[in-house]
Amino acid sequence: MIIHHPILGPRDAQEFVYLGDASLIGRPDGLTASIEDFHNYTYLRDNPAGAHRELWYHEQGDRSWLVVTRNTLTHEILQVELARDVARAEGRSK
Amino acid sequence: MSQSNRISGGLIDRSRTLRFHFDGLPYLGHPGDTLASALLANGVRLMGRSFKYHRPRGPISAGSEEPNALVELRSGARQEPNTRATVAELFDGLTAQSQTRWPSLKFDALAINDRFNSFLTAGFYYKTFMWPASFWEKVYEPIIRRAAGLGSLTKLEDPDSYDKGFLHCDILIIGAGPAGLSAALTAGRSGARVILADEDFRMGGRLNAETFELGDQAGFVWADAAVAELSSLPNVRLMTRTTVVGAFDHGIYGAVERVSDHLIEPAPGKPRQTFWRIYSQRAILTGGATERPIAFENNDRPGIMLAGSLRAYANRWGVAVGERTAIFTNNDDGLRTARDLQAKGVDVVAVIDSRDGGELLPGIRHLRGAEVIDSAGRLGLSSITVRHANGKTEVIKATALGVSGGWNPNVNITSHHRSRPIWRDDIAAFVPGSGEIANLSVAGAAAGTLSTHGALVTGDEVARTALASLGLTATAANLPKAEDAPVRITPMWYVKGSNRAWIDPQNDVTVKDIKLAHQENFTSVEHLKRYTTLGMATDQGKTSNVLGLAVMAGLTGKSIPDTGTTVYRPPYTPVALGALGGRGRGQEFKPFRLTPSHKWAQEQGAVFVEVGYWLRTQWLPKAGETTWRQSVDREVLATRKSVGICDVTTLGKIDIQGTDAGAFLDKVYANTFSTLAVGKCRYGLMLREDGMVFDDGTTARMGQNEYVTTTTTANAVTVFRHLEFCRQVLWPDMDVQLISTTEAWAQFSVAGPNARKLLQKVVDQDISDAAFPYMGAGNITVGGLRARLFRISFSGELAYEIAVPTRYGDAMIRKLMEAGAEFDAVVYGTEALGVMRIEKGHVAGNELNGTSTALNMGLGKMVSRKKDSIGMVLSQREGMTRDDGLRLVGVKPVNPAAELKAGSHFLKTGVAAKAENDDGWLTSLVYSPHLGHYIALGYLKDGSNRIGEKMRAVNLLAGTDTEIEIVSPHFIDPEGERLRA
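Chains as they are written, first to last, in the numbering used here: chain A, 1244 to 1337; chain B, 173 to 1153.
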């Protein structure tokens, strides 16, 4: 696979490490959230046949975490964003 | 032996003669021959035995689809089993042996299987070797393995090397027949970067095997001219002997180039094969078509082959397979073979044409509405039995029979992303399904366009479309006139009434097996394949799959499209594992990382151990020491008595800087770091979000906004990855920067009562207890050079870790040893390190096993609940906070002389050694030279309340059951007085 890195352009997927569902961005706050909230965050994932937002890490590159939107049926990559930008857009800060 | 079956013509170089051996006998051939063509030229039709019935077999094809003519090529360490003689390029000195036969090819003892064929049908193994179950592993499987299987391995190390390579192009063209050459000319002339790959050693595809003309030239002459033009273009890369084996994602194709397989051995410095990864913007499949047989009784004798292959042997290689040749066909292409052979002077004794009516070939005995119903000949064909249209049968003497059941487009690569081919009635064949592989288009015979004219035109067309999509302009094509014969076929799959009519000769699947599968209701194509093993051999059913499912369609009364087809997977043809491995072999598969003291340790005769990629000193034997324990015990005792030095560079080191560095550490560690004073260290416990312990290590605060974190050797990479995730994704606005400095600093532990005295000789600053107290950290200098000092201890002794830039690591170990001479300083390895940490009760990898919590380790209080940190919430789950859960304990044998065994489980006295009585297990075990007996750490249920209890350590595998006492895990200096000395 080829991942079009927003900064570095097309890069071979071998340079990356896969983590999983981009829902991992939405970590609850540990001081206010319940064990159940954290259980859902840690263990529950959708398993879509189609577009899937997922986290990839450019370990053999610039160490950027990316959100890659990939069609799980065709492996077509629909969008690649810096995970930091996505996280900020989702309201994460400090 | 003379080349008795060699006739005139062909694309071989008769000016040179090549000598080769098959089964020990010498033969002659010419450059341009394959092993199969050269053997056939020498009158050798018998080349192997079949897999199950051990029937005599010869080649049925002249290409990579070959199921029968598999040989062991070369000898000694280079011997390669299951090589298709039809694609093995002849070279001087080639040796080959037949396989799947014993003791010889002409007399094979296991041919007795053929007599028992009524037992060895589909499902035979499933049905026969069911009972008793215990017999499978010891009795049945070894017998089956000896009897079955293909060629043998030498079990010698492969002396050749393999490479991996990477290529980029605008357009990859797969197959260099008329369609591929046409596409390559159009694309190449436009200036596009083109790769044209073909599995053959000569480009041209079927043009090399046919007699028809392109324009006013012979087909192969046109092909040669096209190749000459393409090789003059700097933007075109021609790759012969290169098979594109798979379509992967985003325009990436895998290809194997057989760089040296046509040589007796690779030239110096050259690999045997190269596995290419080709990155393409567009790809064009022009892989041609493969002929399929018609099944009839005993259709597997040597001498019976595909008609188009018979034609190829005559036209390309100047070989008449038999002096009396017959043709059996259901389509016009079979007639082409008859005409070509007759023109070559071969005696064509009959053309058996299953179609009724129609034109007759002039000057040839052309039997319409007839069928071949049987064959005879012990080790090769001698006659066929023909049933005429009027029902009468006739035996016709023939030593070669060409069979044509029509042509299957080579759709294989188009199926690699699961697309199923679609059926076309007009050509009675499957053609590629549409558009499943992005940016791949198909032209020529592979797309079902089976005429030469059609190949040239469609090759040009798809190249134009590809160029336009890349924004390139094609010049006008200059296509020669070529034959444009229509496909005239009346499908006929097998001769009715036949049973032992081979469909898949490589796996010995016959019409009878398919009938049996049908009878037992294995009628879906996927079941049919797995029940009969149809198409599951090394040829992946290239000649047999469509035939097999057509037979099943006939039995079920369904149409072929309704019956469906299985899809093809990569690789297109078998790939040597060596090619997939490339250079990553032996030590090059896993390179060593060397510590800064490696050279010094090597000089001292150290014994090394692999720790991940690292090589670390395991122990350092002194003269007279004969066992590892002697060395390790000495290193431990010397360290505890005076001073020992250990290279700890392998531990991960991460510099963490920024105004939020402390807050960041509070998030990622269970305990708190923002409150740590500048110039101090603290032990940290890092959890995973599920509450289990991820890693541990010390972190030092070097400045207000500057920390240095250490990780375990094993987790250096994953902790850094995790911290980047936390920094970029979870808390993107924190002002914090990370950099891994693992390899930037050479770090040494200096431990023991004399550690300070030794180090004080080396460093420039005062490091007295007052100036540099326990858990102190700071930037110092060594002879004016920058260095870092941490007063931390893993051994339990007064200890420091000193770090210098890596390039000074070698000088540093030498300086430390020189300064330590007066204290009898030793270097200790990982074994002594392990002994001392267990004596001290520190956890390491055995305890940090991914399923342990802080509470299990007795470190529950370290998890701060006043702040949010990774894993804090889930570590509070009910099941993980039980009061009677597993706790880290120390263990010692009641009898100090008793030996403990690793892997032991803890049981109360008097209970049976069963899982339900299991109270925990031993995690780390050493002999403590300091205490003079074995000691261990382990996890015990409710362990912190059971100190002093007498139990048993039971290891059923070792057969030991030892009385133990549960003790504190801190065997040495539980109050920590030595650390603070």
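Beta carbons are placed, not taken as given, at the ideal position from N, Cα and C, and that holds for glycine. These figures come from a predicted structure and were not determined experimentally.
Query: Apart from the five residues just before and just after B/M173, which ones in its own chain have a Cβ nearer than 8 Å to its Cβ?; Result: Note that B/M173 scores a pLDDT of 49, beneath 50, so its modelled location is shaky; the value from the coordinates is reported in the next line. Closer than 8 Å at Cβ, skipping near neighbours: L197, P198, Y199, L200, N214, G215.
Query: Let's see if you can read the secondary structure: which residues bound the beta strand (DSSP E) around B/K1113?; Result: 1105-1113
Query: So B/D832 contacts chain C; which residues on that side make the cut at Cβ distance below 8 Å?; Result: Reference to chain C is not applicable here, since the protein chains of this structure are A and B.
Query: Please report the distance separating the alpha-carbon of B/D433 from that of B/T914.; Result: 45 Å
Query: With the cut-off set at 8 Å, would you say B/Y618 and B/G460 are in Cβ contact?; Result: Note on residue identity: the sequence assigns Ala, not Tyr, to residue 618 of chain B. For B/A618 and B/G460, yes; Cβs fall inside 8 Å.
Query: B/L242 by DSSP, collapsed to three states: which one?; Result: strand
Query: Using a C-beta cutoff of 8 Å, does A/I1278 count as contacting chain B?; Result: yes
Query: What are the start and end residues of the beta strand (DSSP E) that includes B/M411?; Result: 408-411
Query: Are B/Q445 and B/A751 closer than 8 Å when you measure CB to CB?; Result: yes
Query: Do B/L1060 and B/P1141 count as a contact pair if the criterion is CB distance below 8 Å?; Result: yes
Query: Between B/S846, B/G869, B/T847, which has its C-alpha nearest B/L857's C-alpha?; Result: B/G869
Query: Please state whether the Cβ-Cβ distance between B/E973 and B/S921 is less than 8 Å.; Result: yes
Query: In chain order, what residues of the same chain have a beta carbon less than 8 Å from the beta carbon of B/D1114, not counting five sequence neighbours either side?; Result: D1055, D1056, G1057, R1059
Query: Residues of chain A with a CB under 9 Å from the CB of B/D504: which are they?; Result: Those within 9 Å of B/D504 in chain A number zero; the least Cβ separation is about 40 Å.
Query: Mind pulling the chain A residues with CB within less than 9 Å of B/W903?; Result: A1330, R1335, S1336, K1337
Query: Mind checking the region 418-436 of chain B against chain A and listing, in chain order, the residues whose C-beta falls within less than 9 Å of any C-beta there?; Result: F420, D421, H422, G423, I424
Query: Evaluate contact between the region 635-653 of chain B and the region 355-369 of chain B, counting only Cβ atoms and requiring at least three cross-stretch pairs below 8 Å.; Result: yes
Query: Once DSSP output is grouped into helix, strand and coil, what is the label at B/I732?; Result: helix
Query: Going along chain A, which residues have a C-beta under 7 Å from B/D1040?; Result: D1272, G1273, L1274
Query: Spell out whether any CB of chain A is found under 8 Å from the CB atom of B/L1046.; Result: yes
Query: Check whether the Cβ of A/I1250 lies closer than 8 Å to any Cβ atom in chain B.; Result: no
Query: Tell me the start and end of each unbroken alpha helix (DSSP H) in the region 958-1032 of chain B that is at least 4 residues and wholly inside, in chain order.; Result: 981-992, 1002-1012
Query: Under three-state DSSP, which class holds B/K1039?; Result: coil
Query: Would a check of beta-carbon distances place A/R1254 closer than 8 Å to chain B?; Result: no
Query: DSSP state of B/Y485, grouped into three classes?; Result: helix
Query: Secondary structure at B/R860, three-state DSSP: helix, strand or coil?; Result: coil
Query: Per DSSP, B/G816 is paired with what?; Result: B/A923, B/V998
Query: Which residues in chain B sit within 7 Å of A/V1323, going by Cβ to Cβ distance?; Result: Within 7 Å Cβ-Cβ: nothing; A/V1323 doesn't reach chain B, min ~12 Å.
Query: By alpha-carbon positions, which one of B/S247, B/E698, B/D938, B/I609 ends up nearest to B/V954?; Result: B/D938
Query: What does DSSP give as the partner residue(s) for B/V428 in the beta ladder?; Result: B/T415, B/F447
Query: Mind listing the chain A neighbours of B/R755? Cutoff is C-beta to C-beta under 8 Å, in chain order.; Result: Here the premise fails: no neighbours, minimum Cβ distance about 16 Å.
Query: Does the structure place the region 412-430 of chain B close enough to the region 378-395 of chain B that three or more beta carbon pairs sit under 8 Å?; Result: no
Query: Name, going along the chain, the residues of the region 884-897 of chain B whose beta-carbon falls closer than 7 Å to a beta-carbon of chain A.; Result: R893, E896, F897
Query: Counting only Cβ pairs nearer than 8 Å, list the residues of chain B close to A/F1259.; Result: The contacting residues do not exist; A/F1259 stays about 11 Å from chain B at best.
Query: Assign B/E237 to one of three DSSP states: helix, strand, or coil.; Result: coil
Query: Could you check which residue in A/T1317, A/Q1322, A/R1331 has the C-alpha nearest to that of B/G607?; Result: A/T1317
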